[in-house]
Amino acid sequence: MSDGQQTKVLVGWVYNLRKDQVEEELKKRNVDFDENSNLNELRKLLAQTLRSEKNLQDEQVDQKEENPSHENVHEETETESSHSDTESEMSDTPKLEFRLDKGDWETFADRLEVYFLAKGTVDNKKVATALTKFDEEAFKLLKSLCAPKKPIELTYEELTKMMKEQLNPAPSEVMERCNFNRAKQEQTESIADFAARLKKLALNCNFKDQLQTALRDQLVCGLKDHETRVELFKKTSLTFDTAFTEAVAREKAVQNAEGSQKALQNRDSQQRTVFAFRQTNQGHGHNNQNSKQSSQQQNRSSGQQKQQATSQRGSYVCYCCDYVENVLKPVGSLENLQVTLNDKTLKLGCFVLPGKGPPLIGRQWLAAFGLWPLMANSTNSISLNKIQDCNIPSIREQLVIEFKLLFGDTPGLFNKGKLKIYLKENAKPIALKARHVAYAMKPLVEDEISRLVRLGHLVPVESSEWATPIVIVNKSDNTIRICGDYKLSINEYIIVNKHPLPRIEDVFAAMQGGKKFTELDLAHAYMQFEVEESSQQYLTIATHLGLYRYTKMPEGISTCPGDFQTFIENTIRGVKNTIAYLDNIYVTGSTDEEHLENLKQVCTRLQESGFAIDKDGLHKSSSKVKAIVEAPKPENAKQLLSILGLINFYERFLEHRSDKLKPLYDCANSKEFFWSEACDNAFKVIKEELISPRVLAHYDPNEQLVLACDASDYGLSAILSHKYKDGSERPIAYAAKRIPKKEMHRAIIDKEAAAIVFGFKKFYDYIFGKEIILRTDHEPLKRIFGPKTGIPLTATSSLQRWAYLLSGFKYKIEHIKSKDNGNCDALSRLPIEDDSDVFESNYTAINYITSELDILDSNAIAAETKSCKVLSKIMMYITSDWPSYDKLTDHEKKYYSKRTEFFVDENCILWGHRVVVPMSLQPFVLKELHLSHLGIVKIKMLARSYVWWPGIDNDIEQLVNSCKVCLEERKKPPNIPLTPWPWPNKAWSRIHCDFLGPFMGHMYLVVIDAHSKWPEVIDFHNNTKAEKLISKFRDIFARHGLANHIVTDNGPQFTSDLFQNYLKKLGIKHTFSPPYHPATNGAAENFVGIFKDKVNKIVKGGRALEDAINIFLFDYRSVSHSTTGKSPAFLMTKREMRTRFDSLRPRTENTVYEKQHAQIVQRKGSRRVSLEEGDTIMIDNYGKGDKKIEGTIVKQLSPSTYDVQIKPDKICKRHADQIISVAPGKKTVRRSKRLKNKCKVSS
């Protein structure tokens, strides 16, 4: 590492320190500093101090190196001089060393070259010098690499090459270029650092002459600042150096502008503050008619447009001027204001100027209180130069001005870490296909995807193992939001960060002692956190445009709450009276000043971390018992019965229930509903009981939470309860809401779903981050809102939006009977006014259809729907309750399966984005759908984006199939499945024939045997008449015999009477293939293609046409056919043909000879026999009598067998092994060699 790099590393850590840590480091080094300096100034001071210490250490080292040993300075001979150099090098403390476990070889080699140059090392000493810089492990490695040579025997070039190939092998050029092209400027990376990183990445890319071009392209494309990229794209002749200079200059300009703004803010914040308490009701101005206006505008007097005139020049003539010293005319003035400071009260006057900004204090007031001239080292604890209005609402405006980046319109980006997703071991990738998008919605989806790509939230990808379908949610401003339905894919396998969320006790403890409280709400909180590149693959979404990956944390991921809480707690840790609950940060203080100081610390931390805050993120809490306290009295018997159901639900906690509530029971049992004063008193009693400690429980984070929801025609309700281990339940909070009149038309499923959303929003602080039990008495919602079920495409936009909202919570949904949901039923029938935002205006499908198809008008559809007997009843069922399936008519039953997905909008029935068309309009719609004469599939696709009715698919098919124009112009239909010819069980049973050509000036007849695939090719030259065809078939039949069946096309030769009569006489069946359908005669047709291709190639290889045909036929007949697995020759002749390749195999006779010879060699026999005809011999006797008998050789039958005559009339056959020669005239007895030798000795 170079010295410059060491210095950079030495001070780099400084810029990660907080202000208190920087101050501590400066104090350790006894450095004087101003405590009022901002964090950047203190960091720079500490960095300069560290650099100074480094430079001092380097000077001391250099001084040591400049004073080497003088022992051999005056040596004169060359040998002695070189010896002195070596001793000097060896005696120095070695700063340069290569350690195998830590060192980088390329860096060491570069430094070694510099070392040789500085020391003047000659070539023959480089190896020895380099080896002295190796540690033991490195030396051992080199020794093993160069064996059997010794390291000292290598040249320097061999040494460096050997080490480089071992320690720094050449990387893959493709991979290096891939890494280079993927390089992007990091959020906290300067352009200079980015350019240096690009140059380093390009080292092994082998760009050669294109290096500067590649660096320029990647620098421009990888810049994080969009405006800088646009400016560079405008340049016509742009080089790397020009692009780098322009980008750095623009970066510096932006930094200087921000720095000056911060310096101005820091200067203002360092000025101490005087608080003036104005009593405007006692003021008397010169302009009495403007006194009221002046009093109102005093808080808004210009502070940014004026300064203390001539305050720096010492003149006491006071003007009101702006920054360019333009005199400002006051709106009015105030006199005799009573101002108190440090127990000193004076009556003073002031001017009121136009414009906005904080009030300023002038020198006259300062002089009156003895604070002028200003003293830099004043010990007075009073703040100077500025009046701070102690109005809490103005703090918000002050913070927005002071922390512009934090409260700006640009999206925030957390820069202290990234989200990483960890999966379970058994996780298997899930890739789901994209969901269908209605045609009218596609432009909106494409615009939203383009917007997210521009913001950097999405990036397109080619492929991914993970893919999650999207859900399209309509927003109230007629735009959409796309969301990943991650509960179908990744959520099941994520290892969830179980970082605990603050309990209510923790929040109370942090807020203790505060009187005023501030809540900060992060804007689009999750999207302010980047996702690590390795985890982005899990967040891939599948759209009709392709695959995209989220680069920021999306909603709906199960691990988000824990990770988010971890990040935000680390950011604000250490700030007093502050606590974060996910994206809400609560701040307070024991005094207003401490509250403001804590708030500024939080804002500073958040701004430094890159966050952005919602400027309108101020929320108020609501009473958890308001729904009970303000519940209206029942107006009918049904509402009274719901109240009694609520009472019965909590009866175990209500003492003396029957006595206190007797009037209510009497009223319920009477024939006519009459609400008496006694009923009113009993109703008040029950409300007090329900909010008393006997019924209402305190929230306990360790107990199970149950959220029960219900809806009536006009109200929503939700009750949050604790379910204890003994099975009992006690409510924690009640909530109810009257449905607005404009939303009364909604389907019952929408109202029931809205009740659930109302409950989640109302009790958000209790249930977010915890797994709860959700109860509803509307069973279809269990399928729609189930944690592991996909969001139906045909659901209403509000249901899709709510399903996505609930995907960020953890819950188990339970369906209960309506009678068991009595507590919620009562509140839904006695709702109160509540301003919770649940219902949003939907830009539904009826708007899309009206804008896309002029033939459909919502008013006409609504009118026909109302007049239709079936649809009018269906609409009534949708807005109330559906009867059982058995009670429906046959026509109504066709709608029953989709009952949970229908909704009513503008008096039209819709199924998702599709309008249900009344029967009277269906023919008209079908006609318009078929106006362009599209095919069945296209018309169905078009219809599925706009309209629906039972049996619409069948109606479309019948319409298209009955359209005469479509039938006449229809293209060839798809082929039927292949029907192969049956395979004959004998050769030459069925043959397929076809003419081939003209091919190279000739016409050929091709004949294929269906059983063996044996081909015959006959050259007809240019004469294909029937007479010659018959002649050639006579030759073929003479060789192979008559076939049973011939298959041909409809050529004139084959259809001629002459050929037909010839086949008829021979008893051969003749079949023709259909005209213009050659596939029927596929055996011949396929061979024709193969013949042309192969013969043409053989001819191009230099062979004559006739030779080429014979070569092809010879090989084709002898090679196994792919269909039969046997060669045509074998199936045709029951033997394989001998080919030119058989000579490569050993011949059988040679093999037999070799085997026999081997047997002879292996057999142990040393006797040599030479017998001739007439020789007297002794042979083995296998009959009765002597063991051997005498005979005479009559004939030699083979090299080892003979005919032997033993009697005049008897000849027998014997092998040589069975024969013993007899000397002439002497009868010998067979003896062993040992006995024979004995006989010779004795004789």
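This note's numbering puts the sequence shown at residues 104 to 1346.
We treat Cβ as the ideally placed atom computed from N, Cα and C, and that holds for glycine.
Where the alpha helix (DSSP H) through residue i begins and ends
i, result
"Ile981", "Lys972 to Thr982"
"Ser324", "The sequence shown places Cys at residue 324, rather than the Ser named in the question. Taken as a continuous stretch (DSSP letters only), the alpha helix (DSSP H) holding Cys324 covers Leu314 to Gly325."
"Tyr1358", "The displayed coordinates of the chain run from 104 to 1346. Any statement about residue 1358 would go beyond what the structure contains."
"Thr1151", "Run containing Thr1151: none in the alpha helix (DSSP H); it sits in the beta strand (DSSP E), His1148 to Thr1151."
"Leu1037", "Counting along the chain, Leu1037 falls outside any alpha helix (DSSP H), and DSSP gives it neither H nor E."
"Cys1069", "Lys1067 to Glu1072"
"Ile583", "Where Ile583 is concerned, there is no enclosing alpha helix (DSSP H), although the beta strand (DSSP E) it sits in stretches over Ile583 to Gly587."
"Thr1158", "Pro1155 to Thr1158"
"Asn926", "Gly925 to Arg932"
"Lys845", "That residue, Lys845, is in no alpha helix (DSSP H); it is neither H nor E in DSSP."
Where the beta strand (DSSP E) containing residue i begins and where it ends
i, result
"Ser820", "Gly818 to Lys826"
"Met1281", "Thr1279 to Asp1283"
"Arg1093", "Arg1093 to Phe1102"
"Gly1294", "Lys1291 to Gln1299"
"Gln807", "Gln807 to Ala814"
"Trp468", "Counting along the chain, Trp468 falls outside any beta strand (DSSP E), though it belongs to the alpha helix (DSSP H) covering Arg466 to Ala471."
Inter-residue CB distance, residue i and residue j (contact presumed, cutoff 8 Å)
i, j, result
"Lys527", "Ile598", "6 Å"
"Ala346", "Arg319", "5 Å"
"Arg1002", "Gln742", "The Cβ separation is near 27 Å, so there is no contact."
"Asn307", "Glu276", "7 Å"
"Leu203", "Ala241", "4 Å"
"His647", "Lys536", "Not confirmed; about 10 Å, so no contact."
"Leu884", "Ala929", "About 20 Å; that fails the 8 Å criterion."
"Ser910", "Gly659", "4 Å"
"Leu1166", "Ile1139", "With a Cβ gap of about 13 Å, Leu1166 and Ile1139 do not count as contacting."
"Leu561", "Glu633", "Not confirmed; about 13 Å, so no contact."
Sequence-distant residues of the same chain with beta carbon closer than 7 Å to residue i, five excluded per side
i, result
"Lys1135", "Leu1108 and Ile1121"
"Val1198", "Ala1211, Ile1212 and Phe1215"
"Glu635", "Lys521, Leu522 and Lys523"
Whether residue i touches residue j by CB criterion (8 Å)
i, j, result
"Val230", "Leu199", "no"
"Leu1169", "Ile1133", "no"
"Leu604", "Tyr684", "yes"
"Ala1090", "His1114", "yes"
"Lys1116", "Thr1226", "yes"
"Glu549", "Ile583", "no"
"Tyr689", "Pro657", "no"
"Gln903", "Val574", "yes"
"Gly862", "Ala838", "yes"
"Lys519", "Thr674", "yes"
"Ala305", "Ala295", "no"
"Ile977", "Ile1012", "yes"
"Ala350", "Leu326", "yes"
"Tyr867", "Tyr802", "no"
"Ser820", "Cys706", "no"
"Ala785", "Ala814", "no"
Proximity test, residue i beta-carbon vs the ligand COA heavy atom, cut-off 7 Å
i, result
"Val225", "Ligands in the displayed structure: none, and consequently the ligand COA is not present."
Cutoff 6 Å; reference residue i; Cβ partners in own chain excluding five residues on either side
i, result
"Tyr1256", "none"
Nonlocal neighbours in the same chain, by C-beta distance under 8 Å from residue i, ignoring five residues either side
i, result
"Asn391", "Confidence is the limiting factor: at Asn391 the pLDDT is only 38, short of 50, which leaves the residue's position unreliable and the question unanswerable from this model."
"Glu700", "Gly692"
Cβ contact (3+ pairs, closer than 8 Å) linking the region 989-1006 and the region 843-863
yes
Any contact between the region 669-686 and the region 552-563? By contact I mean 3 or more CB pairs, one from each, below 8 Å.
no
Three Cβ pairs or more, each shorter than 8 Å: is that satisfied between the region 966-981 and the region 1020-1027?
yes
Could you say if the region 1052-1063 and the region 1026-1036 meet the contact criterion of at least three C-beta pairs nearer than 8 Å?
yes
Across the region 1290-1303 and the region 1269-1280, are there enough close Cβ pairs to call them in contact, namely three or more that are closer than 8 Å?
yes
Touching by the beta-carbon criterion (3+ pairs, under 8 Å), the region 916-925 and the region 875-889
yes
Cβ pair count under 8 Å reaching 3, the region 610-618 against the region 691-703
yes
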